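Numbering of the sequence shown is given in my numbering, commencing with residue 196 and proceeding in unit increments.
A short write-up of the structure that comes next.
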Amino acid sequence: MSFLIAVTGKGGVGKTTLSALLIKNLIDAGKTPVLAIDADPNSCLDRALGVRAENTVGRAREEVRGAASSGTVTGISKNEMLRMKIGQSLVEAEGFDLIAMGRPEGAGCYCYANNVLKDVIAEISSQYPYVVLDNEAGLENLSRRIVQKVDLLALVSDASNAGLNTLVRLYGLANEMEMKYDRLALVVNRLRTGRLPERMDEIKETTKADLVVGLPDDAEIAEFAEGDRSYLGISGGNDVYMKVGKLLY
Numbered sequence: 196m197s198f199l200i201a202v203t204g205k206g207g208v209g210k211t212t213l214s215a216l217l218i219k220n221l222i223d224a225g226k227t228p229v230l231a232i233d234a235d236p237n238s239c240l241d242r243a244l245g246v247r248a249e250n251t252v253g254r255a256r257e258e259v260r261g262a263a264s265s266g267t268v269t270g271i272s273k274n275e276m277l278r279m280k281i282g283q284s285l286v287e288a289e290g291f292d293l294i295a296m297g298r299p300e301g302a303g304c305y306c307y308a309n310n311v312l313k314d315v316i317a318e319i320s321s322q323y324p325y326v327v328l329d330n331e332a333g334l335e336n337l338s339r340r341i342v343q344k345v346d347l348l349a350l351v352s353d354a355s356n357a358g359l360n361t362l363v364r365l366y367g368l369a370n371e372m373e374m375k376y377d378r379l380a381l382v383v384n385r386l387r388t389g390r391l392p393e394r395m396d397e398i399k400e401t402t403k404a405d406l407v408v409g410l411p412d413d414a415e416i417a418e419f420a421e422g423d424r425s426y427l428g429i430s431g432g433n434d435v436y437m438k439v440g441k442l443l444y
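Here is the structure:
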């Protein structure tokens, strides 16, 4: 049974960085292979992990859509062809594999590809002890039920009042959608003072979060981000890396 971690929050708060550091913690602990799912259409998790996702679910959907329109799909159903192409888009690396959602590259409903991706993930995730899902901003992918239940839901914010308000809204949205999770973690990123905002006690009580983690603004993390370097190369003694590890235990 896989342990599934979903990371979400508003745009620009460090969801992908957190996802990459969670994956690094798991790899360093020998809990491999990890399945990394990049559900953000901007597809940034591959670069954060030092790989390149040339093929995405979005591209697979368009290729199958084009083949079906031209009548070149023979001897295999459209559904089977899409499942095959999604499987081929899996990027294999040391300690982890990655699959990227990518952008819907054409007109039309994207729900069909989402449903096939959901089925493929359900099938392949059983091969991985841990799965890390890096969502797009908000809870869009979770609302589309790409995954039905997560073991750990991590809501990420910066320390601004607007960011903290978003945490509460995301919690409310998760409840409206009847999201199922075993543990809820609130992560406040890029703390300049190293201290959590005073409101966090109130927000923790409101959201009934199991864990609140504050991540300091960190020069090494910033250097890796500016250099577009893989976060898997972050030093094991890095303060942010070690604090991220607390989410797993």
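Just so it is clear, CB atoms sit at the ideal spot from N, CA and C, and this is done for glycine as well.
For clarity, every value in this text was computed on a predicted model and none was experimentally measured.
Under the DSSP assignment, residue 347 falls outside any alpha helix (DSSP H), being part of the beta strand (DSSP E) whose first and last residues are 344 to 352.
When the five nearest sequence neighbours on each side are left out, the beta carbons in the same chain lying within less than 6 Å of the beta carbon of residue 392 are those of 354, in order along the chain. Partner residues in the beta bridge of residue 287, as assigned by DSSP, are 292. Three or more pairs of CB atoms, one per stretch, sit closer than 8 Å, so the region 348 to 362 contacts the region 391 to 411. Shortest Cα-Cα distance from residue 387 to any of 380, 370, 378, 409 involves 409. Contact annotation: residue 327 and residue 229 have beta-carbon atoms nearer than 8 Å.
Distance from residue 435 to residue 411 at the Cβ level is roughly 7 Å; contact confirmed, criterion being Cβ atoms closer than 8 Å.
Contact between residue 342 and residue 297 fails: their C-beta atoms lie close to 18 Å from each other, not under 8 Å.
The DSSP assignment places complete alpha helix (DSSP H) segments of no fewer than 4 residues inside the region 355 to 428 at 356 to 371, 395 to 402, 414 to 421, in order along the chain. Beta-bridge partners assigned by DSSP to residue 200: 327, 347.
Between the alpha carbons of residue 233 and residue 293 lies a distance of about 7 Å.
Using a Cβ distance threshold of 8 Å, residue 329 and residue 202 count as a contacting pair. Inter-residue distance for residue 199 and residue 215 is about 14 Å (C-alpha atoms, whole angstroms). Note on geometry: alpha-carbon atoms of residue 418 and residue 196 lie some 37 Å from one another. By DSSP's assignment, residue 233 forms a beta bridge with 295, 329.
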